[in-house]
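Since the structure comes first, as structure tokens, the remarks are kept for the end.
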Amino acid sequence: MDLNLRTVNVTRYITPLREGGSLPALAEADDDFKYVLKFRGAGHGVKALIAEFLGGQIAKILGLPVPELVFAQLDEAFGRTEADEEIQDLLKFSQGLNLGLHYLSGAITYDAAANDCEALLASKIVWLDAFITNVDRTFKNTNLLIWKKELWLIDHGASFYFHHSWINWEKTAVTPFALIKDHVLLPKASKLEEAHQQCISALNDSILSEIVNQIPEDWLQWEDQAITADEIKAIYFQFLSLRLQNAEIFLKQAQDARTTLI
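If you want it as structure tokens, here you go:
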């Protein structure tokens with residue numbers, strides 16, 4: 001599977017998508033496709049982009065439906081004519097490489113009460129979110145879309161929350177994910193053991209290393225950390241490797257949470 005991302009140049013800012021706290025936007029690129037842009041100048045900055053990138057790439061390896069990710073280059077002059085000062089500042093601080101997700105035109109938000117999800121797919125999504133510690137796929141905010149009658153995963157920017165403090169990452173790597181109890185698909189995830197076997201078979205250290213090494217260098221220049229880009233990548237890899245080795249821990253947490261739920 002080709003894990004390399006294309007790089008596009010953003011040519012037109014269309015509209016902000018104010019559903020998200022980080023103020024993503026719909027934009028057009030020089031390949032004539034539209035993308036949901038996640039900006040390095042927003043909220044949690046490049047750490048949210050890294051989480052989005054890692055989560056999306058891992059989901060892709062697991063065969064889960066995610067929109068194409070692209071690196072999106074934002075020119076220095078882009079946004080100077082933007083009338084909204086908040087958006088103008090966001091674009092100014094987001095010059096350089098950002099992240100885009102292919103825009104699923106006409107998609108609707110997944111509604112657990114109205115939309116179904118096959119048990120194995122639900123179980124694999126629950127497994128993924130426990131693996132990457134994604135706190136944001138709940139009934140309040142599903143981060144799931146229905147597009148052309150199929151379910152699609154979006155927005156993994158709230159994953160890997162350990163990197164906001166960058167302490168005790170070893171402990172987090174081997175800790176059950178208690179927040180899985182709030183997962184929107186947990187009631188439908190009746191094949192967690194089967195999903196677990198499929199997921200641990202699909203992932204290994206070689207794949208995880210390949211994904212981590214694709215994180216752009218200029219997303220790894222952190223002013224709040226006196227560590228190098230290579231050291232940051234090494235910790236992301238070790239976190240993922242350790243978590244995969246100890247996947248039984250978060251699997252059991254999900255199984256127990258589901259037993260309590262139903």
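Residue numbers for the sequence shown follow the UniProt record's numbering, beginning at 1 and rising by one.
Using N, Cα and C, we set each Cβ at its ideal position, and we do this for glycine too.
- No Cβ-Cβ contact shorter than 8 Å links valine 8 with leucine 74.
- Of the other Cβ atoms in all chains shown, 16 or more fall within 10 Å of the Cβ of histidine 196; this residue is therefore buried.
- DSSP lists no bridge partner for phenylalanine 177.
- Apart from sequence neighbours up to five positions away, the residues of its chain that approach glycine 157 with a beta-carbon distance below 6 Å are Ala48, Ala51 and Glu52, ordered along the chain.
- For isoleucine 167, the number of other beta carbons within 10 angstroms of its own is below 16, and it is reported as exposed.
- Between the C-alpha atoms of phenylalanine 139 and threonine 133 there is a straight-line separation of about 17 Å.
- The C-beta of threonine 142 has 16 or more other C-beta atoms within 10 Å across all chains shown, which makes the residue buried.
- Cα atoms of glycine 41 and glycine 56: separation of roughly 20 Å, rounded to the nearest angstrom.
- Selection Leu128, Leu37 and Arg137 evaluated against leucine 90 yields Leu37 as nearest (Cα-Cα).
- Residue burial is scored here from C-beta neighbours: valine 212 has at least 16 other C-beta atoms within 10 angstroms and is therefore classed as buried.
- With contacts defined as CB atoms closer than 8 Å, threonine 15 and leucine 26 qualify as a contacting pair.
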